[in-house]
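Before any comments, here is the structure.
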Amino acid sequence: MRDRLEDLSLAGPGILLLALAFILPIVEMLRLSFVGTDGSVTVEHFVRFLSDPYYLGVVWRTIYLSILITAICAAVGFPLAYVMARVSPQLRLWLIVLVILPLMTSVVVRTFGWMVLLGRGGLIPVVLWKLGLAGRNFTLMHTEAAIVIGMVQVLLPFTTLSILGVIMKIDRRLEEAARTMGASFLATMCNVVLPLAMPGILAGSLLAFTLSVSSFITPSLLGGVRLPVVAGSIYESATKTLEWNFAAAQSVILLVGVLIVLMPYIRLSERRHG
Amino acid sequence: MFAKVSRTTAALALAAIFITPAAAKDKLVINSYGGAYEQIHRKLVIEPFMKKYDVDVQVITAYSADALAQLRAQKAAPQYDVIHFSGGQEVVAAREGLISPIKAEELPNAKDLYPFAVEGLARGEGPVHAVAAIGLLYNKDTAPKKPTRWADLWDPAYKDHVVLTDLSNSYGLLGFLMMNKVKGGDIKNPDPGFNAVKELLGSAVIVSTSPELQQNFAQNDAWIAPYAQDYAYTLRKAGLPIEFVQGAEGTPAVYLTANLVANRPNQDLAKKFIDFSISPEVQEGWARELRYSPTNKAAKLDDALAKEVVYGDKAVAGLMRFDPVEVDAARASLIERWKKLIAR
Chain V
1 MRDRLEDLSL AGPGILLLAL AFILPIVEML RLSFVGTDGS VTVEHFVRFL
51 SDPYYLGVVW RTIYLSILIT AICAAVGFPL AYVMARVSPQ LRLWLIVLVI
101 LPLMTSVVVR TFGWMVLLGR GGLIPVVLWK LGLAGRNFTL MHTEAAIVIG
151 MVQVLLPFTT LSILGVIMKI DRRLEEAART MGASFLATMC NVVLPLAMPG
201 ILAGSLLAFT LSVSSFITPS LLGGVRLPVV AGSIYESATK TLEWNFAAAQ
251 SVILLVGVLI VLMPYIRLSE RRHG
Chain U
1001 MFAKVSRTTA ALALAAIFIT PAAAKDKLVI NSYGGAYEQI HRKLVIEPFM
1051 KKYDVDVQVI TAYSADALAQ LRAQKAAPQY DVIHFSGGQE VVAAREGLIS
1101 PIKAEELPNA KDLYPFAVEG LARGEGPVHA VAAIGLLYNK DTAPKKPTRW
1151 ADLWDPAYKD HVVLTDLSNS YGLLGFLMMN KVKGGDIKNP DPGFNAVKEL
1201 LGSAVIVSTS PELQQNFAQN DAWIAPYAQD YAYTLRKAGL PIEFVQGAEG
1251 TPAVYLTANL VANRPNQDLA KKFIDFSISP EVQEGWAREL RYSPTNKAAK
1301 LDDALAKEVV YGDKAVAGLM RFDPVEVDAA RASLIERWKK LIAR
């Protein structure tokens, strides 16, 4: 009995904070999303969103950009994490510092950096122009490519570090055994390291995907008003046209969408752990 | 003249002392819009007014929509004496009886105002004390020629260098309504405007905030953009070669009004404040500090300054106004249609 009391008192502040800062706002958001313009209970906001090709297009853009971003993060993050796990501890420390360093700066500041690099007359368009690959007026700003580049840079540390944690735990002797049994480096990677690292890759991808479907600053700054994503659309409805109920409905849809994606992922990683 | 004014002031001050012996100074409560605007508002209007009439003025920062919401909530016991609006809310406030009508005779400076600035008085609204004109901003160094008409936005000479502003921005909304009008539409029929914008979409950049507009002029080689005259001045101060022209078809504008709140005890002093706001000296100050156009004919601007605001009978004749109530009613649907149009 006393144990439970102690547990409760230890968890209390955390639970209280969660209730106040997370559950309460979500309940309020759920309530708002079902309130019509005249105060009655209605699903009109959901119907409006889900029956309009424009909003479905916004959802589709958000999903395929997020999948692309997640895939790139995993594809770049896995080899990077593998190398980090296999070098000397000292070098690993430096690599971790390098990966974490960008997180020390605000996302907004980093995004502004990309705006300078990708905009007309910025470093990347100018290099492409000098190489004869693009016109002088070429710009990467306000393109989906810009969103992907910016988001990958923001999310890569999360993916890399989650994969690193798992690869570190893989017994090196398994790889050595595979090699002595005649497997090539590539075969070792595919048949030994990759399957064993899968929980880390799944966890990292999950993190990257959920963060990127709900991200708002980077897509709105790099993509501009002509490439709306769901989070940006919620922001517009809440602050520009002041349609709070519609904004709440969009948030509920986003939340449910993320949960639906999370389910199979969680199942999959549970099975791997079990 | 000056001596006479100060003698009257002295007499008034003296009278005030006798009427309210040992009481605290009279106090007015007003709203302002915060930021640089409020700083200049204090410097040009509020502080000189406090000194001149020896009264206190309490400033509460509240944008127009907020201010209207507060007035509604306080209808039984209003807390403001003078309320400033920039989005046409005075039309609604007057209709709902939240603000009191003012007679032109009650404002000594009203006789010098342009007719457009006092026409609201008949509807129970306050006078217009400043105007932010919407027209064409262009880069005088890089643009191939100086634009003269709104229709020039579709001139192939500016192709790939046009910047349009999102309708969620109120200047962007007014600019769009003007483009719509130029193409033959009106608020109830925005099809011509949307079709015309569609033609531009392939070659124009669309921004949603003022800093983005600045960035496009500074880095993205923008030549022409419909926007506000005061912001052209902000860009010039930032070192950009940006000039403002009034489109020949007309100049829509944001009209800043000062209104008398109903059911407040000290309406006489509030009227003095409103009158002070429309005095030539104050209006010259707004033009000098922020490039808002004066509504008082007697405001004397030097030549350089006069060129950078809407000044003189001919320029003022070009000013026009979209019905604020209609704009407000159409806003959400216009924004949604615009979003759908511009989304790639």
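These protein sequence lines are chains V and U, in that order.
Start counting the first sequence at 1; every next residue gets the next number (the working numbering).
Start counting the second sequence at 1001; every next residue gets the next number (the working numbering).
The beta-carbon is built from N, C-alpha and C at its ideal position, and this holds for glycine as well.
Whole-Å CB distance - residue i paired with residue j, under 8 Å assumed
| i | j | result |
| --- | --- | --- |
| Val1261/U | Ile1083/U | 6 Å |
| Val1205/U | Asn1220/U | 6 Å |
| Ile1202/U | Pro1192/U | Position check: residue 1202/U holds Gly in this sequence, whereas Ile was assumed. That belief does not hold up - the Cβ atoms of Gly1202/U and Pro1192/U are roughly 18 Å apart, past 8 Å. |
| Thr160/V | Ala81/V | 5 Å |
| Ile170/V | Val193/V | 7 Å |
| Trp114/V | Gly77/V | Not a contact, Cβ separation roughly 19 Å. |
| Ala1133/U | Val1118/U | Actually they are not in contact, since the Cβ atoms of Ala1133/U and Val1118/U sit about 18 Å apart, beyond 8 Å. |
| Asp1081/U | Ala1270/U | 4 Å |
| Thr1257/U | Gly1126/U | 5 Å |
Residue i at chain U interface by Cβ criterion, 8 Å
| i | result |
| --- | --- |
| Arg120/V | yes |
| Lys130/V | no |
| Asn137/V | yes |
| Lys240/V | yes |
| Val126/V | no |
| Leu65/V | no |
| Arg226/V | yes |
| Gly36/V | no |
| Gly274/V | For Gly274/V, the predicted model reports a pLDDT of 46, less than 50, meaning its position is unreliable; a value from the coordinates is still stated below. No, Gly274/V lies away from the interface with chain U (no Cβ there is under 8 Å from its Cβ). |
| Gly57/V | yes |
| Tyr54/V | yes |
| Glu44/V | no |
| Glu243/V | yes |
| Glu28/V | no |
| Glu236/V | yes |
Segment limits, beta strand (DSSP E) that includes residue i
| i | result |
| --- | --- |
| Leu1028/U | Lys1027 to Ser1032 |
| Ala1253/U | Thr1251 to Val1261 |
| Val97/V | Premise fails: Val97/V lies in the alpha helix (DSSP H), Pro89 to Ile100, not in any beta strand (DSSP E). |
| Thr1165/U | Val1162 to Thr1165 |
| Thr1061/U | Asp1056 to Thr1061 |
| Val1197/U | Element bounds for Val1197/U: not the beta strand (DSSP E) but the alpha helix (DSSP H), Asp1191 to Leu1201. |
| Phe1244/U | Ile1242 to Val1245 |
Test: residue i CB closer than 8 Å to a CB of chain V
| i | result |
| --- | --- |
| Ile1224/U | no |
| Gln1219/U | yes |
| Lys1025/U | no |
| Arg1344/U | yes |
| Ala1196/U | no |
| Asp1166/U | yes |
| Ala1062/U | no |
| Ser1203/U | no |
| Ile1206/U | yes |
| Ile1134/U | no |
| Lys1340/U | yes |
| Ala1022/U | Note that Ala1022/U has pLDDT 46, beneath the 50 cutoff, so the model's placement of it is unreliable and no number is given. |
N- and C-terminal bounds of the alpha helix (DSSP H) containing residue i
| i | result |
| --- | --- |
| Val1205/U | Run containing Val1205/U: none in the alpha helix (DSSP H); it sits in the beta strand (DSSP E), Ala1204 to Val1207. |
| Tyr1227/U | Unbroken run through Tyr1227/U is the beta strand (DSSP E), Ile1224 to Ala1228; no alpha helix (DSSP H). |
| Leu1173/U | Ser1170 to Val1182 |
| Glu1212/U | Ser1210 to Ala1218 |
| Arg194/V | The displayed chain sequence assigns Leu, not Arg, to residue 194/V. Residues Leu194 to Val213. |
| Met189/V | Neither: Met189/V is in no alpha helix (DSSP H) and is coded neither H nor E. |
| Ala1329/U | Pro1324 to Ile1342 |
| Asp1313/U | Asp1313 to Ala1317 |
| Ala1238/U | From DSSP, Ala1238/U is part of no alpha helix (DSSP H); its letter is neither H nor E. |
| Thr239/V | Here Thr239/V belongs to no alpha helix (DSSP H), and DSSP marks it neither H nor E. |
| Tyr1158/U | Premise fails: Tyr1158/U is in no alpha helix (DSSP H) and is neither H nor E. |
| Asp1303/U | Asp1303 to Lys1307 |
| Gly1035/U | Gly1035 to His1041 |
| Val66/V | Checking the sequence, you will find Ser at residue 66/V rather than Val. Where Ser66/V is concerned, the enclosing alpha helix (DSSP H) stretches over Pro53 to Arg86. |
Distance cut-off 7 Å: residue i Cβ against heavy atoms of the ligand ADP
| i | result |
| --- | --- |
| Glu175/V | Of ligands this structure carries none, so the ligand ADP is not represented either. |
Which ranges does the alpha helix (DSSP H) cover as unbroken runs of at least 4 residues, wholly within the segment 2-42 of chain V, from first to last along the chain? Along the length of the segment 2-42 of chain V, whole alpha helix (DSSP H) runs at least 4 residues long occupy 2-18 and 24-33, reported in chain order.
Would you list, in chain order, the members of the segment 6-20 of chain V that have their beta-carbon closer than 9 Å to a beta-carbon of chain U? Taking 9 Å as the cut-off between beta carbons, none of the residues of the segment 6-20 of chain V comes near chain U.
At 4 residues or longer, and completely inside the segment 116-180 of chain V: list those alpha helix (DSSP H) runs for me, N to C. 123-130, 144-169 and 172-180
Name the residues in the segment 1145-1162 of chain U whose C-beta lies less than 8 Å from a C-beta of chain V; which are they? Asp1160
Identify each residue in the segment 143-161 of chain V for which the Cβ-Cβ distance to at least one residue of chain U is less than 7 Å, and report them in chain order. none
With a floor of 4 residues, list each alpha helix (DSSP H) that falls wholly inside the segment 1068-1131 of chain U, ordered by position along the chain. When DSSP assignments are scanned along the segment 1068-1131 of chain U, the uninterrupted stretches of alpha helix (DSSP H) that are 4 or more residues long and fall wholly within it turn out to be 1089-1095 and 1115-1118.
Return the chain-ordered ranges of every alpha helix (DSSP H) run that is complete within the segment 1273-1297 of chain U and spans a minimum of 4 residues. 1280-1290
Select from the segment 1315-1336 of chain U all residues with a C-beta closer than 9 Å to any C-beta belonging to chain V, and list them in chain order. Arg1331, Ala1332, Ile1335 and Glu1336
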